[in-house]
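Take 1 as the starting number for the sequence shown in the UniProt record's numbering and just add one per residue. Where a beta carbon is used, it is the ideal one built from N, C-alpha and C, also for glycine. Nothing here was measured: the structure is a model prediction, and the numbers come from that model. So the structure is just underneath, and the comments pick up after that.
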Amino acid sequence: MRFTPKGYGGHRRDPEQVKRDGWHEQGLLAVSVDDQRLTWPERELVEQLGAKLYGPRPKGEVRHG
C-alpha cells in the first residue's frame with residue numbers, strides 16, 4: 001500500500017493555471033513586466049505599480065522575453 005500526503009503526486013498545475021486560479025479565487029494578480037501579451041503602455045503600468053508597491057527594480061535587471 002502506498003500513501004502520499006494531500007498535495008503530493010498526481011497532477012501538477014502549470015504556472016499560468018496557478019496565476020489564473022489566484023486571480024479568480026483570491027483576486028491576486030501575478031504579471032510579468034515582460035509579458036508579450038501586454039501592450040507597451042500596459043507593461044509600463046505594471047512597472048509603475050510594482051515600483052510603487054515594492055520599490056524600484058535594480059538597475060541592469062535582466063529582462064526576460
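Taking only the alpha-carbon atoms, compute the straight-line gap between residue i and residue j and give it to the nearest angstrom.
i	j	result
A51	R57	7 Å
E16	Q48	23 Å
W23	L29	6 Å
Quick one, are the C-beta atoms of residue i and residue j less than 8 Å apart?
i	j	result
V33	R20	no
V31	V18	no
For the alpha helix (DSSP H) holding residue i, just list the boundary residues, first then last.
i	result
Q26	15-26
residue 85	Absent from the structure is residue 85, since the part of the chain shown begins at 1 and ends at 65.
State yes or no: is the beta carbon of residue i nearer than 8 Å to at least one beta carbon in chain C?
i	result
Y8	Among the chains of the structure shown, chain C does not appear; only one protein chain is present.
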